[in-house]
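Position 281 of the sequence shown, counted from 1, bears residue number 285 in the numbering used here, the numbering being contiguous throughout. Okay, structure first, notes after.
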Amino acid sequence: SSSGPASNSLATWVFVSQLQYWVVIVVVSLTLPFLIFGFRRLRLIRRSHYFHFLVGICIANLVSLSTILFDLITPSIFPSVKGAITCKASMFLMNTAACFANWTFVVMFAQRFAILLFPLKQMMQKGCIGFLLDARRLLIVVLLFSIVTQSWALLLMTERVYIDETGQPMVTCETDPTKLDPKTTTWLSILEMLSTYLLPFLCTLAVDLGVLVWSKHFTTLVIYIICVKYTLFIVYNKEATDANKFFKGVSNASTKPKSKRSMDQQESGMRIQSAESVRLCNKKRGKAIRRCLLMATVQVLINLPYHTLQVFDEIYDFASDQEWFTFYFYADALLYLLYLIQYPAVLVHIEFLISDSDRNKKK
C-alpha cells in the first residue's frame with residue numbers, strides 16, 4: 005500500500021472517480037452494441053481495400069471496450085477476481101489493442117499510397133509491393149509488433165492500494181515501484197505514448213497528406229490506360245482527339261458478342277477509359293482521401309490530449325501538487341471521455357464507406 009496523493013486531494017479524487025465511473029459505464033455500455041452492429045455491417049464492403057483493416061480495428065476496439073467494462077464492473081460483482089494478475093492482463097490487453105488499432109490505420113493508408121504510386125504493380129504479388137498489398141500479412145506483422153512492444157505491462161504493472169483519510173482503500177493499477185524508479189517510469193510513459201499514439205497518428209497524417217498531394221498531381225493529366233500484358237501507355241490531354249479516333253474501332257469491337265471476338269481480343273485484357281471516366285474516378289478517389297485525412301486528424305485530436313496529460317502528470321506529478329490536483333483530476337476525467345469518442349468515430353467512417361458502395365451500385 006501507499007499514502008498516494010496528498011491527503012487533502014483524496015476527497016476530490018474520490019468524487020471525480022465515482023462520477024467518472026458511472027459516466028464511463030454508460031458510455032461504454034452504449035458504444036459496445038453500436039460497435040458490434042458496425043462490425044456486422046462491414047460485410048457490405050467486403051470487396052473494399054479497407055475491409056480487412058477495418059475488421060481488425062473493430063476487433064481491437066471491441067477488446068478495448070470489453071476490458072474497460074470488465075475492469076469497472078468486476079470489483080463490485082466478483083471482488084476476488086481483482087489482483088495483480090488481473091491488473092497486468094487488463095493493461096496488456098488494452099495497450100496491445102490500442103497499439104494494434106493505431107498502427108493498422110498507418111498500414112491501411114500506406115497500402116493505398118503504394119497502390120496509387122504503383123498502379124500496375126498490384127498485379128505482381130512479389131517483393132515489397134506484393135507485401136504491402138497483402139492485408140492479412142500486414143495485420144499479422146502489426147499484431148506481433150503490438151504484442152512485443154506492449155509485453156512490458158505483464159512484467160512491470162501491479163495493483164497499488166492507497167489509504168484515504170477515513171481508512172478506506174483506493175486501488176489503482178500502476179507501474180511497480182519496486183521494479184522501476186520514478187525517473188524510469190516517466191521515460192517509459194513517454195515512450196509508450198510516442199510509440200502507441202503519437203507516432204502512428206503522425207505517420208497516418210503524413211501518408212494521407214502524401215496520397216492527397218500525389219493524387220492532385222496525378223489528376224492533372226487526362227490518362228488513357230491500356231493494359232496489354234502489363235504494359236502501360238499514357239496519352240496526354242493534347243493527344244486525346246487522336247487517341248479517340250484510334251480507339252474508335254476497338255471500342256466498337258468491344259460491343260460485339262463474345263463468340264464473334266477473336267481469341268487475341270479476348271485475351272488481351274484491354275481496357276479503355278474515357279477522359280470523363282478518369283475525371284470522375286479521380287474525383288471519387290480524392291473525396292475518399294480527404295475523408296481519410298479528416299478521420300486521421302480527428303483521431304489525433306481525440307487521443308492526443310488525454311495521453312499528453314498523462315505524460316505531463318508523470319513528469320510534474322499533478323496529483324500531489326496542492327495547486328494543480330483539482331484541475332488535474334477534472335481534466336483527466338473530461339479528456340478520458342473525449343478519448344472514448346474514438347470508438348464510435350470509426351463507425352462513422354464505416355458508414356461513409358457503405359454509403360459510397362451503395363451509391364456506386366446504383367450507378
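Glycine included, each C-beta is placed from N, C-alpha and C at the ideal position. From a predicted model like this one, the values you see are computed outputs, not experimental measurements.
Residue closest to residue i, alpha-carbon to alpha-carbon, out of the options
i: Leu351; options: Thr16, Val59 and Val18; result: Val59
i: Ser199; options: Val110, Lys92 and Pro186; result: Val110
i: Leu339; options: Ala114, Leu305 and Ala118; result: Leu305
i: Ala101; options: Gly87, Phe329, Thr71 and Ile89; result: Thr71
i: Lys86; options: Leu136, Trp156, Ser359 and Glu163; result: Glu163
i: Arg295; options: Ala337, Phe113 and Ala323; result: Phe113
i: Ile29; options: Leu160, Ser80 and His353; result: Ser80
i: Phe149; options: Trp107, Ser21 and Phe43; result: Trp107
i: Phe205; options: Val217, Ala300 and Val315; result: Ala300
i: Tyr332; options: Ile354, Ile345 and Pro309; result: Pro309
i: Trp191; options: Val152, Ile89, Glu318 and Leu137; result: Glu318
i: Thr179; options: Met197, Gly42 and Leu158; result: Leu158
i: Val152; options: Cys103, Asp185 and Glu355; result: Cys103
i: Leu284; options: Asp185, Ser94 and Asn364; result: Asn364
Environment of residue i [buried if 16+ CB atoms lie within 10 Å]
i: Val211; result: buried
i: Val349; result: As written in the sequence, residue 349 is Ala, which differs from the Val given in the question. With fewer than 16 Cβ atoms within 10 Å of its Cβ, Ala349 is classed as exposed.
i: Phe182; result: Checking the sequence, you will find Thr at residue 182 rather than Phe. Thr182 comes out exposed.
i: Lys249; result: Interpretation of Lys249 is limited by its pLDDT of 46, a score under 50 that renders its predicted location unreliable; the figure taken from the coordinates is listed afterwards. When all chains shown are included, Lys249 counts as exposed.
i: Glu327; result: exposed
i: Asp362; result: exposed
i: Ala105; result: buried
i: Ala88; result: exposed
i: Glu355; result: exposed
i: Ala64; result: buried
Opening and closing residue of the alpha helix (DSSP H) in which residue i lies
i: Thr419; result: A question about residue 419 goes unanswered here, because the residues of the chain that appear run from 5 up to 367.
i: Val31; result: Leu14 to Arg45
i: Tyr340; result: Phe329 to Leu344
i: Phe82; result: Segment: none, Phe82 is in no alpha helix (DSSP H) and carries neither H nor E.
i: Ala139; result: Ala139 to Gln154
Residue interval of the beta strand (DSSP E) (run including residue i)
i: Arg164; result: Met161 to Ile167
Sheet register partners of residue i (DSSP bridge)
i: Val175; result: Val165
Residue i beta carbon near the ligand SAH (any heavy atom closer than 6 Å)
i: Tyr320; result: In the structure shown, the ligand SAH is absent, as is every other ligand, since no ligand is present at all.
Cβ of residue i within 7 Å of any chain D Cβ
i: Trp191; result: Of the chains in the structure shown, none is chain D; there is only one protein chain.
Check whether the segment 139-154 touches the segment 46-61, counting contact only when three or more Cβ pairs, one atom from each stretch, lie closer than 8 Å. A contact exists between the segment 139-154 and the segment 46-61.
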